[in-house]
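J.: Heads up, the sequence shown is in this note's numbering, so the first residue is 23 and it goes up one at a time.
The structure that follows is given in the form of structure tokens.
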Amino acid sequence: MVFTALLLQLTASLAGAHGFRVAAGKADITPDLRTETTWMAGYGASGRRPTGVHDPFYARALVVSDEDKTVALVALDNIGTFREDVEAIRRELGWTGGKKYLFLAATHTHSGPDTEGLWGRFPAVSGVDARYHSRMLKTVVELVRGLSARLEPARLSAARADVEPHGLCRDSRDPVVIDPELDAVQFLRDDGKSLGTLVRWSCHPEVMERGNRELTPDFPGALCARVEAKTGGPCVYFSGAIGGMMTPDVDHSKGTRHEFAEVKRVGERVADLALAAFRKERIEASGGPVGFESRIVRVPVENSRYLIFLPNLVFGHKLFHADGRPMGALSPYWLSLRHLMSFPLPDALRPRVETEVSLVRLGPVQLLGIPGELLPELAIGGYDGRYRFGYPLVDPSNPNPPDLKRAPKGPYLREKLKSRSGIIVGLANDHLGYIIPAYDFQVAHNRSMEPHVAGTHYEETNSVGPSATAIILKACDELLK
Ligand SMILES: [Zn+2]
């Protein structure tokens with residue numbers, strides 16, 4: 023009798039050791055236009071003053087534990103959240119090592135508040151409102167803390183679909199490589215009710231363009247609202263490989279383009295496809311293990327424009343000398359001047375920024391966190407045209423086409439993620455701009471880093487530089503070994 027009881031207890035605790043315990047929730051982070059000075063981020067070199075709020079902004083979170091380790095997956099409706107902020111939240115939570123890990127990614131809406139100090143009244147002037155910023159960080163801390171205190175048993179269901187991109191997303195930079203992958207992960211109670219859903223898709227949340235003056239999380243807002251209405255549980259949305267340049271393929275048929283009806287159409291369509299994916303083929307798991315690993319790397323700032331405006335760009339990042347010493351407060355001013363006076367700045371003088379590459383495991387699901395906007399070809403290849411979806415691989419009128427013979431050979435990142443469900447998440451735990459394959463990094467270092475080469479090479483001007491790509495991919499390889 024005693025033996026049976028012991029055995030039962032042992033079985034229960036073994037099951038408990040790897041069974042998922044989960045909580046999901048959301049908290050409002052809509053800017054308050056009466057008390058917070060808001061500048062809209064996302065286009066050009068200066069911000070826009072909003073006239074109103076179209077739909078609410080949220081911090082959404084899924085906290086998953088196997089009772090040994092705990093991971094909080096957090097999505098924020100904003101353009102990007104820098105590493106310093108992620109670290110500040112971790113410190114406040116007391117999650118700075120050991121058994122708990124915060125994985126935070128911005129949705130990258132282009133109609134939200136400036137959270138990066140890049141879109142103020144004038145170029146190189148911050149548009150961040152300090153009150154809003156600290157309220158946003160505090161809200162995330164409280165959300166994660168609250169959810170961590172009310173975890174409940176759940177099982178995981180993971181699904182994937184390939185989305186036909188026409189009418190949803192297109193690629194505006196050659197070669198045409200559109201990542202069709204739509205991922206959805208759901209945590210379910212015993213009674214089958216959803217505790218929370220994670221959706222990941224790759225397209226810029228920029229249905230609303232530069233002319234828009236109403237704050238909106240863009241299509242991820244509509245997507246999450248739809249999933250939440252249909253499942254009853256919160257929805258965390260992550261962007262995948264959205265660089266170079268995955269942009270919404272809006273409906274031109276009614277003569278309308280970038281309007282709120284399109285935001286709703288794109289968001290709800292992708293939400294419906296994500297939920298439909300569970301009805302086709304899915305992986306189920308009753309438990310973990312839950313795990314995480316990350317690599318901290320330093321990448322050189324090579325972009326000439328970033329160097330000119332270095333004193334204004336240190337918001338959210340610590341800078342280091344090439345030899346590893348942290349930079350003093352005056353160094354950015356001196357380096358900016360030196361860059362302007364005696365271009366080019368020697369490599370040994372270029373500042374380094376610290377960033378993070380991470381891998382999270384939730385049983386059969388792996389999430390690879392990339393700290394920026396990865397060009398999809400770095401994730402899935404496609405230089406042979408397999409992801410061009412009927413478009414020419416290279417526009418015949420492109421005056422400066424990419425030299426595809428020099429394109430990197432596989433295996434690509436997606437293939438290296440060998441788990442049964444491997445999900446690449448962009449803008450994770452930092453935002454370093456575009457991450458571009460070196461062979462097509464054509465905007466060389468001129469003094470002003472203007473896109474002076476013909477063809478579509480805007481992305482280079484919003485990238486830390488060509489060296490970052492190899493450093494970040496190497497860190498991914500180490501994590502995936
Ligand atoms: Zn972007």
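All C-beta atoms in this analysis are idealised placements derived from N, C-alpha and C, irrespective of residue type, glycine included.
#1: Just the Cα atoms here: how many angstroms apart are residue 494 and residue 390?
#2: Who are the near neighbours of residue 194 in its chain, counting only those whose CB is closer than 6 Å to its CB and skipping five residues on each side?
#3: Distance check for residue 343 and residue 205, CA to CA, integer angstroms please.
#4: Can you tell me whether residue 57 is buried or exposed? The criterion is at least 16 other CB atoms within 10 Å of its CB, across all chains shown.
#5: By alpha-carbon positions, which one of 67, 64, 78 ends up nearest to residue 53?
#6: Run the proximity test for residue 280: is its beta-carbon closer than 7 Å to any non-hydrogen atom belonging to ligand 1?
#7: Terminal residues of the continuous beta strand (DSSP E) containing residue 268?
#8: Take residue 404 and list the residues in its own chain whose beta-carbon comes closer than 6 Å to its own, dropping the five residues that flank it on each side.
#9: If we count Cβ pairs, one from each stretch, closer than 8 Å, do we get three or more for the region 120-132 versus the region 94-112?
#10: Near residue 402, which residues of its chain fall below 6 Å by C-beta distance, leaving aside the five closest residues on each side in sequence?
#11: Should residue 207 be labelled buried (16 or more other beta-carbon atoms within 10 Å of its own) or exposed?
#12: Taking 7 Å as the line, does the beta carbon of residue 395 fall inside it for any heavy atom of ligand 2?
#13: Count Cβ pairs between the region 239-246 and the region 456-466 that sit closer than 8 Å; are there 3 or more?
#14: What residues match up with residue 176 in a beta bridge as DSSP calls it?
#15: With 16 other CB atoms within 10 Å as the buried threshold, where does residue 190 fall?
#16: Cα-Cα, which of 338, 68, 415, 258 is closest to residue 98?
#17: For residue 188, which of 225, 442, 100, 302 has the nearest alpha-carbon?
#18: Looking at residue 176 and residue 321, is the spacing between their C-beta atoms short of 8 Å?
#19: As an exercise, report each continuous beta strand (DSSP E) stretch of at least 3 residues that is fully enclosed by the region 170-251, in chain order.
#20: Going by the CB atoms, is the gap between residue 221 and residue 185 shorter than 8 Å?
#21: Sort 499, 456, 339 by Cα distance to residue 513 and report the nearest one.
#22: Does the Cβ-Cβ distance between residue 376 and residue 105 come in under 8 Å?
#23: For the region 350-408, list the beta strand (DSSP E) runs that are entirely contained and at least 3 residues long, ordered along the chain.
#24: Taking DSSP as the reference, what is the three-state secondary structure of residue 458?
#25: Quick one: is residue 439 buried, meaning 16 or more other Cβ sit within 10 Å of its Cβ, or exposed?
#26: Should residue 226 be listed as close to ligand 1, given that the test is whether its C-beta is under 7 Å from any heavy atom?
#27: Relative to the C-alpha of residue 107, which candidate in 93, 128, 90 has its C-alpha closest?
#28: Rounded C-beta distance between residue 196 and residue 424? I'm assuming under 8 Å.
#29: Determine the burial state of residue 144: buried for a count of at least 16 other Cβ atoms within 10 Å of its Cβ, exposed for fewer.
#30: Can you give, in chain order, each stretch of the beta strand (DSSP E) that sits fully within the region 137-167 and has at least 3 residues?
#31: Pull up the DSSP beta-bridge partners for residue 53, would you.
#32: Can you tell me the Cα-Cα spacing of residue 348 and residue 373, whole angstroms?
#33: Run the proximity test for residue 130: is its beta-carbon closer than 7 Å to any non-hydrogen atom belonging to ligand 1?
#34: Does the region 309-328 come close enough to the region 77-94 that 3 or more CB-CB pairs lie under 8 Å?
#35: Going by DSSP, name the residue or residues bridged to residue 257.
#36: Would you identify the three-state DSSP class for residue 449, choosing helix, strand or coil?
T.: Reading off the structure:
#1: Stepping through the sequence shown from its first residue, residue 494 is reached at position 472. Stepping through the sequence shown from its first residue, residue 390 is reached at position 368. Computed Cα separation, rounded: 12 Å.
#2: Here residue 194 refers to the residue found at position 172 of the sequence shown. Here the set comprises 267, 269.
#3: Counting from 1 along the sequence shown, the entry for residue 205 is found at position 183. Counting from 1 along the sequence shown, the entry for residue 343 is found at position 321. So the alpha carbons of these two residues sit roughly 39 Å apart.
#4: One-based indexing of the sequence shown puts residue 57 at position 35. Residue 57 is exposed by the Cβ-count criterion.
#5: Along the sequence shown, one-based indexing puts residue 53 at 31. It is 78.
#6: For the purposes of this step, residue 280 is taken as residue 258 along the sequence shown, with counting starting at 1. Result no, Cβ not under 7 Å from ligand 1.
#7: Within the sequence shown, residue 268 is the residue found at index 246, counting from 1. Start and end: 268-270.
#8: Within the sequence shown, the letter at position 382 stands for residue 404. Here the set comprises 199.
#9: yes
#10: Indexing the sequence shown from 1 puts residue 402 at position 380. Same-chain partners within the cutoff: 201, 434, 436.
#11: Sequence index remark: in the sequence shown, residue 207 carries index 185 (1-based). Under this definition residue 207 is a buried residue.
#12: Ligand 2 is absent from the structure shown, which contains only ligand 1.
#13: no
#14: Numbered from its first residue, the sequence shown carries residue 176 at position 154. DSSP lists 42 as partners of residue 176.
#15: Stepping through the sequence shown from its first residue, residue 190 is reached at position 168. Buried, because 16 or more other Cβ atoms sit within 10 Å of the Cβ of residue 190.
#16: Start at 1 with the first residue of the sequence shown, and residue 98 comes out as number 76. If we check each option's Cα against that of residue 98, 258 comes out closest.
#17: Numbered from its first residue, the sequence shown carries residue 188 at position 166. Here the closest residue by C-alpha is 225.
#18: For this step, residue 321 is matched to residue 299 along the sequence shown. For this step, residue 176 is matched to residue 154 along the sequence shown. No. Outside cutoff.
#19: 174-184, 191-193, 203-210, 216-223
#20: Counting from one through the sequence shown, the residue named residue 185 turns up at place 163. Counting from one through the sequence shown, the residue named residue 221 turns up at place 199. Contact flag unset, no.
#21: The structure shown does not extend to residue 513, since the chain is modelled only from 23 to 503, so the question has no answer here.
#22: As a working mapping, residue 376 is identified with position 354 in the sequence shown. As a working mapping, residue 105 is identified with position 83 in the sequence shown. Contact: yes.
#23: 374-384, 387-391
#24: The residue you call residue 458 lines up with position 436 of the sequence shown. Three-state result, residue 458: coil.
#25: Taking the sequence shown and counting its residues from 1, the one referred to as residue 439 is at position 417. The residue in question, residue 439, is buried, as its Cβ has 16 or more Cβ neighbours within 10 Å.
#26: One-based indexing of the sequence shown puts residue 226 at position 204. Flag set: Cβ of residue 226 near ligand 1.
#27: To locate residue 107, count along the sequence shown from 1; it is residue 85. Answer by Cα proximity: 128.
#28: Here the question's residue 196 lines up with position 174 in the sequence shown. Here the question's residue 424 lines up with position 402 in the sequence shown. Contact flag correct, Cβ pair sits at about 6 Å.
#29: By one-based count along the sequence shown, residue 144 stands at place 122. With fewer than 16 Cβ atoms within 10 Å of its Cβ, residue 144 is classed as exposed.
#30: none
#31: As a first step, residue 53 is located in the sequence shown; it is residue number 31 there, counting from the start. Note: residue 53 sits in no beta bridge, so no partner.
#32: In the sequence shown, counting from the first residue as 1, residue 348 sits at position 326. In the sequence shown, counting from the first residue as 1, residue 373 sits at position 351. Computed Cα separation, rounded: 10 Å.
#33: The count along the sequence shown starts at 1 and reaches residue 130 at position 108. Indeed, a heavy atom of ligand 1 lies less than 7 Å from the Cβ.
#34: yes
#35: Taking the sequence shown and counting its residues from 1, the one referred to as residue 257 is at position 235. The partner list for residue 257 (beta bridge, DSSP) reads 219.
#36: By 1-based counting over the sequence shown, the position of residue 449 is 427. The answer is coil: DSSP assigns residue 449 none of H, G, I, E or B.
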